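Residue numbers (my numbering): 958 to 1331.
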């Protein structure tokens, strides 16, 4: 005797007791059943709560609430939105009827009179497909929870020791005296730890974005030109051979996350330094309209323009430029993160590469992401 606790529950909705009994007998003793003589009773039963069905056999032509109406109602309730529904009819047989039934939310369609084995096959298939879908969704939830846990581990358990290493090298630097060898070793440690920290931060951002959470931003009123100028000055100290020029006729203010926009500007300019023509100027321009600010970064090309097929995937994660010798230590995440930050602000990011040079263009609504919804 089968264990009733593990049997599937089928709702049979039919105004004919005889037809409902035929369906029940055709399916045999493997299932539990509840029968309803009218669609309105189904609505009342759903509102009352209790055990939910695994599948509904739904007569189309019934007095009162017809089968297609019941089907549409079930699709509006979160508890039954994904419930397998098989419409059964002896009269709605035209192509337009079948199309209408599926449009109402039915998963399958069965014509009376039917063979018992056909009904069993269709019910078994629908329930099996639903069970497989549930299993896939459960596995996705487990994977998402695991990724969230890993995100916490990376965010805390790796950044904490890296912070300690950086602090330790700074403290040791005050006690090594004039030893050039010791300072060289400390410099290499600090450089490696800083690079690892940047990689960890990039991986955290990418993980958040790929989990669907998006890169977090904290917008506030921001003056754009001083922000861009400070990023240029910082990069100029680290990249002494780079020629960076800022072009801005007036300041521009908007509601943006200054740290994240600084990250955008830094990554795009760094990319221009990495792949642009050496010793050629990199021009950073800031302009504005009534509703948006635009940042463009232009560099002369080193060899030839970026090919169209590479432009199409330039903002994908783990993509690096063709000249990897100039950026061997990167993860290929910088431009992907730039794209996600701009998107989080409701803005757009475009790139053009021609013989005259490569230009990145960042457009940011002055009202932040709210501008994208107006």
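Glycine is no exception: its CB is placed at the ideal position from the N, C-alpha and C atoms.
Since the model is a prediction, treat every value here as computed from it, not as a measurement.
Cβ-Cβ distance between residue i and residue j below 8 Å
i            : j            : result
residue 1178 : residue 1323 : no
residue 1015 : residue 1043 : yes
residue 1297 : residue 1172 : yes
residue 1259 : residue 1233 : yes
residue 1040 : residue 1008 : no
residue 1252 : residue 1163 : no
residue 1196 : residue 1142 : no
residue 1257 : residue 1219 : no
residue 1057 : residue 1011 : no
residue 1192 : residue 1146 : no
residue 1077 : residue 1067 : no
residue 1038 : residue 996  : no
6 Å Cβ shell around residue i - same chain, five flanking residues per side excluded
i            : result
residue 1217 : 1174 and 1298
residue 971  : 977 and 1016
residue 1336 : As shown, the chain starts at 958 and ends at 1331. That puts residue 1336 outside it, with no answer to give.
residue 1320 : 1249, 1251, 1304 and 1305
residue 1215 : 1179 and 1184
residue 1154 : 1119
residue 1335 : The structure shown does not extend to residue 1335, since the chain is modelled only from 958 through 1331, so no value can be given for it.
residue 1200 : 1238
residue 1255 : 1240, 1314 and 1316
residue 1202 : 1238 and 1240
residue 1087 : 1041
residue 1189 : 1201 and 1203
residue 1328 : Reliability of the predicted coordinates at residue 1328 is poor, the pLDDT of 40 falling under 50, and no value is obtained from them.
Rounded separation between residue i and residue j - CA only
i            : j            : result
residue 1316 : residue 1182 : 19 Å
residue 1207 : residue 1121 : 42 Å
residue 984  : residue 1073 : 7 Å
residue 1286 : residue 1210 : Any reading at residue 1286 must be qualified, since the residue scores a pLDDT of 49, below 50, and its modelled position is unreliable; no value is offered.
residue 1300 : residue 1083 : 40 Å
residue 1204 : residue 1133 : 43 Å
residue 1262 : residue 1127 : 42 Å
residue 1266 : residue 1273 : 12 Å
residue 1070 : residue 1160 : 60 Å
residue 1029 : residue 1060 : 9 Å
residue 1027 : residue 1100 : 35 Å
residue 1034 : residue 1150 : 52 Å
residue 980  : residue 1095 : 31 Å
residue 1090 : residue 1019 : 31 Å
residue 1013 : residue 1097 : 26 Å
residue 1123 : residue 1117 : 10 Å
residue 1137 : residue 1129 : 13 Å
residue 1157 : residue 992  : 58 Å
residue 1228 : residue 1243 : 18 Å
residue 1125 : residue 1093 : 47 Å
residue 1224 : residue 1194 : 15 Å
residue 1065 : residue 990  : 19 Å
Own chain, CB closer than 7 Å to residue i, minus 5 neighbours either side, in chain order
i            : result
residue 1221 : 1295, 1298, 1299 and 1319
residue 1312 : 1262
residue 1000 : 1030
residue 1186 : 1203
residue 1268 : 1308 and 1310
Residues near residue i by beta carbon distance below 8 Å, same chain, minus five either side
i            : result
residue 975  : none
residue 973  : 1016
residue 1271 : 1263, 1292 and 1308
residue 1148 : none
Please list the segments of the alpha helix (DSSP H) lying wholly inside the stretch 1031-1083, counting only runs of 4 or more residues, in order along the chain. 1052-1060
Alpha helix (DSSP H) runs wholly inside the stretch 966-1011, at least 4 long, in chain order: 974-984 and 996-1005
Examine the Cβ distances between the stretch 992-1007 and the stretch 1045-1053 and report whether three or more of them are shorter than 8 Å. no
What beta strand (DSSP E) runs, 3 residues minimum, are completely inside the stretch 1220-1250? 1238-1245
Quick one: complete beta strand (DSSP E) runs, 3+ long, within the stretch 1289-1325? 1305-1311 and 1314-1322
Length-filtered (3 minimum) beta strand (DSSP E) runs lying within the stretch 1126-1202: 1177-1180
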